[in-house]
Every structure is written in C-alpha cells, then in structure tokens.
Amino acid sequence: KPASRKRLRWNGKTLTSEMLRAEIDSTVLRAGGVPTGTIVAGGDQACDPHERGHGPLYADSLIILDVFPRDAKTGYFGDMTRTVLRGHASEAQRKLWETVKAGQALALRRIKAGADGMTIHKAIQQFFTSRGFPTEVRNGRRVGFFHGTGHGLGLEIHEHPRLQKVVLKDRQVLTVEPGLYYPGVGGARQEDVVMVTKTGCKILSRFPKQLEI
Numbered sequence: 474k475p476a477s478r479k480r481l482r483w484n485g486k487t488l489t490s491e492m493l494r495a496e497i498d499s500t501v502l503r504a505g506g507v508p509t510g511t512i513v514a515g516g517d518q519a520c521d522p523h524e525r526g527h528g529p530l531y532a533d534s535l536i537i538l539d540v541f542p543r544d545a546k547t548g549y550f551g552d553m554t555r556t557v558l559r560g561h562a563s564e565a566q567r568k569l570w571e572t573v574k575a576g577q578a579l580a581l582r583r584i585k586a587g588a589d590g591m592t593i594h595k596a597i598q599q600f601f602t603s604r605g606f607p608t609e610v611r612n613g614r615r616v617g618f619f620h621g622t623g624h625g626l627g628l629e630i631h632e633h634p635r636l637q638k639v640v641l642k643d644r645q646v647l648t649v650e651p652g653l654y655y656p657g658v659g660g661a662r663q664e665d666v667v668m669v670t671k672t673g674c675k676i677l678s679r680f681p682k683q684l685e686i
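Here is the structure:
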C-alpha cells in the first residue's frame, strides 16, 4: 500500500509509472541512447526488483528508478538506479534508504583487483542484518537483500563478472547495486557503474543520490 493516498500530479494529470517512464525514455532517445526496459516502480511494487511499475505514483512513497539504456552509436550499455521520494519520508523509509546507501559504500570500499565477489556480497548482507534488515522469507515472500550485488556491463546488460564466486580483475567494468525490500515500507536500491583498479575502483556514474525530491 502507498504510504500516502495522495497521488502525484504532473501537468494537471495523475502521474503514473507509465508517464514518468515515457519521459525518461524520450530523454534517453534525445541524448543518443536506446531505452531498454526502464523501471519506475513505487511503493510495494518496488519490492519486486523485476517489476517495471504501473499505475499511479503516490506522495511519501519510495520510488525506484532503474535506467539501463544502450548507446546507439557504440552499442555499450549504461546502468544506474536511484531511489527517490516526493514528499516527506518516514523514519522507517529514511532508515531503509540510508542503510542501502551505506551498504553500497561498503561494497565500493572493498572492490579492487584480486577481491572476491562473494565475500563482498556476504559482507553487505551481514551489514544489512546488523542494521535490522535481515534477508528472510515472510508470509511466503522474500524480503531483505535477495538479489546479486552487481554484474559486468558492456555490449550486454549482464556480463561477466557477477559479484559472486569470482576474483575481480583490473579494468573490469561492473555495476554495484545492493537493495532492500520490505512490503509496507517499500524498496530501495542504489546502483552505480565502476571500473575495477589495482587499488580500488573508479566510479563512472555521475548522478547524485537524494531521497526527498
């Protein structure tokens, strides 16, 4: 359920996932990209990481925006996720969002050539659990952090390496995208693209992270 029954408005109409996705996709096209499955999912819809989003968007609800276009000239993909909220976040929503941001920062500090992907993934899960966000099954539904931490990116949207049982190599390009999902509070995910280096990683994404907009 949405945190607020107040529907967002835009140009005199109720703002829907479909409308916002169309605006994002048209912006991508004007910039020379090809949109591919853009996600605009609010409220409990966002608790399914593969839900593209549909219907009205609500005030005071977390909205996941996952944009992964292909460059029309080079064929290479980009991939970025931000979680935003129009209005005022509750304490629970803010804690969820801040914890995901901190979990991603933890991963970014650990990524470097020679690092083990599964070790990084498990460290994030353990960090989330320590903050009160366990990964488990509730009422027959998975909650918490139940997808991968990231994946390689290039001429395909999902490439080697995945942040699983793999040793990272210098100059590999991958996404870092931890998330937390709890129906009733919502979902939050932050995703950036990085290049692995011998001493750490270089963040290639350039868009700020802001909860309330």
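Following the numbering used here, the numbering of the sequence shown begins with 474 at its first residue and continues without gaps.
Just so you know, even glycine gets a beta-carbon here, dropped at the ideal spot from N, CA and C.
What you are looking at is a predicted structure, and each value in this text was computed from that prediction instead of being measured.
Pairwise C-alpha distance: residue j and residue i
i: residue 682; j: residue 523; result: 21 angstroms
i: residue 508; j: residue 568; result: 31 angstroms
i: residue 512; j: residue 526; result: 6 angstroms
i: residue 589; j: residue 653; result: 22 angstroms
i: residue 627; j: residue 671; result: 20 angstroms
i: residue 690; j: residue 485; result: Missing from the structure shown is residue 690; the chain here goes from 474 to 686 and no further.
i: residue 573; j: residue 546; result: 34 angstroms
i: residue 641; j: residue 483; result: 44 angstroms
i: residue 528; j: residue 490; result: 6 angstroms
i: residue 686; j: residue 571; result: 15 angstroms
i: residue 500; j: residue 548; result: 18 angstroms
i: residue 644; j: residue 625; result: 11 angstroms
i: residue 558; j: residue 612; result: 26 angstroms
i: residue 543; j: residue 676; result: 19 angstroms
i: residue 669; j: residue 488; result: 39 angstroms
i: residue 680; j: residue 635; result: 23 angstroms
i: residue 632; j: residue 620; result: 16 angstroms
i: residue 678; j: residue 505; result: 17 angstroms
i: residue 493; j: residue 518; result: 15 angstroms
i: residue 657; j: residue 603; result: 20 angstroms
i: residue 535; j: residue 520; result: 10 angstroms
Own chain residues within Cβ distance below 6 angstroms of residue i, not counting five before or after
i: residue 607; result: 617
i: residue 693; result: Nothing about residue 693 can be read from this structure; the chain reaches only from 474 to 686.
i: residue 673; result: 585
i: residue 498; result: 508 and 511
i: residue 600; result: 576 and 579
i: residue 637; result: 590 and 591
Limits of the unbroken beta strand (DSSP E) element including residue i
i: residue 652; result: 652-655
i: residue 647; result: 646-649
i: residue 633; result: 632-635
According to DSSP, residues forming a beta bridge with residue i
i: residue 483; result: 486
i: residue 675; result: 668
i: residue 685; result: 558
i: residue 661; result: 653
i: residue 640; result: 589
7 angstroms Cβ shell around residue i - same chain, five flanking residues per side excluded
i: residue 554; result: 537, 538, 539, 650, 662, 663 and 664
Beta-carbon contacts of residue i that lie in its chain and below 8 angstroms, excluding the five residues immediately before and after
i: residue 561; result: 533 and 685
i: residue 582; result: 673
i: residue 565; result: 658
heavy atom of the ligand HEM below 8 angstroms from residue i C-beta
i: residue 611; result: Absence of the ligand HEM is noted for the structure shown, with no ligands found whatsoever.
Taking only runs of the alpha helix (DSSP H) that begin and end inside the region 577-628, which ones reach a length of at least 4 residues, in chain order?
-> 590-603
Taking only runs that begin and end inside the region 479-552, name each unbroken alpha helix (DSSP H) of 4 or more residues, in chain order.
-> 490-503
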